[in-house]
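Participant: Sequence positions in the sequence shown follow this note's numbering and run 4 to 225. In this text, a Cβ means the ideal position worked out from N, Cα and C, and glycines have one as well. Starting off with a structure, shown below.
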Amino acid sequence: MASTKTATYYHVSPKRKSLLDGLSGTVIHDHWKSYYNLEGVEYSLCNQHQLPELKAIIEHDKEPWAQAMTRLLRVALRCRHFHEHHVIPVARIKWLTNIYNNIIRDGLVYHEALPPLPCKGKQDRQPQRTGHNLLLRLFHYKQDVLRVFHDPSVPFTNNDTERDLRMMKCKQKISGGFRTDQGAEQFARICGFISAIRKQGLSIISSIQTIFSGSIPVLSGI
């Protein structure tokens with residue numbers, strides 16, 4: 004699925020790797036690698052997804068850098084809310100970025116000082132700790148993590164999309180699936196239409212009546 008502030012699109016496919024073509028703008032996602040195959044877009048990581056991972060590292064592994072990164076992301080969220088739809092001042096961005104870089108550096112130094120994990124079975128690659136993997140992601144994809152600082156149109160999270168997905172998940176739990184592909188596609192199309200109508204503040208009943216009368220409701224931003 005794909006979701007914006009004004010529209011929702013549900014896509015039916017037997018494979019998770021089936022992605023949309025012809026997108027533009029910025030894709031906010033949870034670091035599923037296949038999203039990076041999309042062309043013509045910029046990427047931003049959902050920072051809300053980082054917080055539970057950091058919390059687990061704090062509680063189970065007691066890694067000090069994770070607490071510092073959690074505080075920084077929360078400060079960044081408050082900063083984004085304070086400036087709302089305006090660009091964050093350059094000096095503030097530089098300050099936040101320097102702190103981010105220092106936390107990553109300290110975290111990598113911390114992990115380099117730890118003894119390596121033993122290989123299990125016939126593993127060829129050296130296994131890494133969960134905290135180390137998260138650090139490497141935050142290091143290599145720094146631009147995507149910090150894009151929210153530079154672009155006021157980029158939200159801190161993709162929670163709106165997660166909310167749009169809940170009804171589909173609920174349908175899956177209740178019925179388990181559809182009898183035919185056509186039924187699934189029709190359901191997805193209807194749900195996407197209703198979601199877009201709701202986002203644009205229009206009457207759902209009136210819009211459905213307009214469809215059955217042979218007209219198409221006028222939607223903005225699509």
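(1) Could you check if R53 is buried or exposed, using at least 16 other CB atoms within 10 Å of its CB as the buried criterion?
(2) Is the beta carbon of L80 less than 8 Å from the beta carbon of A69?
(3) Do three or more CB pairs link the segment 21-41 to the segment 147-164 at distances below 8 Å?
(4) From P17, H143 and D163, pick the residue whose C-alpha is nearest to that of A10; which is it?
(5) Output the distance between the C-alpha atoms of S37 and N50, rounded to the nearest integer angstrom.
(6) Give the single residue among Q129, I91 and M72 whose Cα lies nearest to the Cα of I102.
(7) Within the same chain, show all residues whose beta-carbon is closer than 8 Å to that of I219, passing over the 5 residues directly before and after it, in chain order.
(8) When burial is assigned at 16 or more other CB atoms within 10 Å of the CB, is N161 buried or exposed?
(9) Could you name the residues of the same chain whose beta carbon sits closer than 6 Å to that of E66, not counting the 5 residues immediately before and after it, in chain order?
(10) To the nearest whole angstrom, what separates the beta carbons of D147 and Y46, a pair I think is in contact under 8 Å?
(11) In whole angstroms, what separates the C-alpha of W2 from that of I177?
(12) Given a cut-off of 8 Å on the beta-carbon distance, is the pair I107 and L141 in contact?
(13) Buried or exposed for P119, going by 16 or more other Cβ atoms inside 10 Å?
(14) Which residues in the same chain have their Cβ closer than 7 Å to the Cβ of G195, if we skip the five residues on either side of it in sequence?
(15) Classify E42 as helix, strand or coil using the three-state DSSP reduction.
(16) Return helix, strand or coil for S218, following the three-state DSSP convention.
(17) For V44, collect the residues of the same chain with a Cβ closer than 7 Å to its Cβ; drop the 5 residues on either side in sequence, then sort them by chain order.
(18) Tell me whether H32 sits in a helix, a strand or coil according to DSSP, three-state version.
(19) Which residue or residues does DSSP assign as beta-bridge partners of G12?
Facilitator: By the coordinates alone:
(1) Looking at the sequence itself, residue 53 is Gln, so the reference to Arg does not match. Buried.
(2) no
(3) yes
(4) D163
(5) 18 Å
(6) M72
(7) T213
(8) buried
(9) I60 and G134
(10) 5 Å
(11) Residue 2 cannot be examined here, being either before or after the span of the chain that is shown, 4 to 225.
(12) yes
(13) exposed
(14) T11, Y12 and Y13
(15) coil
(16) coil
(17) L26, S27, G28, T29 and V30
(18) strand
(19) A quick correction: the sequence has Tyr, not Gly, at residue 12. According to DSSP, which records beta bridges pairwise, Y12 is partnered with A5.
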